[in-house]
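Since the structure comes first, as structure tokens, the remarks are kept for the end.
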Amino acid sequence: MGRWANTGSRGRGSITERFLSNRAKIFRGVIGVTPNVAEYWMEATERIMDDLDCTPEQKLKGAVLLLRNEAYQWWLTVNEGIQPDHLSWEFFKSAFQGRYMGASHIDARRSEFLNLTQRDQSVAKYEVDFLRLGRYALGMVASEYERCIHFKGGLRDSLRVLIAPQREQEFSVLVEKAKIGEVVKSAKRQNRDRKRDKNRRDS
């Protein structure tokens with residue numbers, strides 16, 4: 008049972024049943040499937056796996072059980088001749104990306120990540136994009152510290168100068184501090200605008 012035992016009603020039944028009951032989608036890998044469709048399937052499936060607190064072994068088994076038709080035949084071909092100890096969730100993801108997304112799509116996503124900045128979006132939206140694209144550049148953000156460095160580097164200057172001196176090395180804490188800084192700066196800006204409007208009315 009492992010971690011599945013602690014998932015309440017979601018912990019009953021086979022892995023496939025648990026996934027499907029949480030709206031995991033079947034992937035058929037039909038000819039002509041676009042890289043974006045494959046990418047969205049992987050993202051949605053991983054979110055469900057994380058919500059169910061799956062182990063890497065359960066992720067691999069669950070993902071394979073969601074494959075049908077051409078996609079399953081592809082996996083059988085990949086699986087042939089591979090030593091069991093080499094079959095891992097990371098191996099599956101790498102093989103899946105190579106087959107259904109292609110090198111050019113992966114390179115484009117990696118380039119997006121390298122050029123990613125907060126711009127005019129919220130810290131929360133920047134975090135979502137950072138985590139989504141960061142999966143294609145794992146070698147560049149392999150450690151918590153490296154994720155923090157890259158995330159800070161993409162923040163707006165006004166937020167980065169507040170966060171950088173703290174040298175935070177825990178990603179979740181860094182993101183929370185950036186969100187707090189965003190709220191504080193927004194409140195200050197609103198107060199400043201109210202004072203300016205009041206001065207204009209009084210003049």
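According to our numbering, the sequence shown is numbered sequentially starting from 8.
Heads up, the beta-carbon is just placed ideally off N, CA and C, and yes, glycines get one too.
The model shown is predicted, which means the values in this text are computed figures rather than measured ones.
Check, Outcome
"Residues sharing a beta bridge with Leu74, DSSP", "Phe34"
"Spatial neighbours of Lys144 in its chain, beta-carbon cut-off 6 Å, leaving aside the 5 residues before and after", "Note that residue 144 corresponds to Ala in the displayed sequence, not to Lys. Excluding positions up to five away in sequence, the list reads Arg117 and Phe120."
"Start-end ranges of the alpha helix (DSSP H) lying completely within the segment 127 to 198, minimum 4 residues", "130 to 141, 151 to 161 and 164 to 170"
"Proximity test, Cβ basis, 8 Å: Lys192 and chain D", "Of the protein chains in this structure there is only one, and it is not chain D."
"Candidates Arg139, Lys186 and Gly146, of which the one nearest Lys159 by Cα", "Lys186"
"Among Tyr152, Phe26 and Gly39, nearest to Arg106 - alpha-carbon criterion", "Gly39"
"When Arg35, Ser21 and Gly36 are compared against Asn29, the one with the closest alpha-carbon", "Ser21"
"Test item: CB-CB of Asn76 and Gly36 under 8 Å", "yes"
"Own chain, CB closer than 6 Å to Val130, minus 5 neighbours either side, in chain order", "Ala185, Lys186 and Glu189"
"Span separating the alpha-carbon of Glu53 from that of Gly109", "19 Å"
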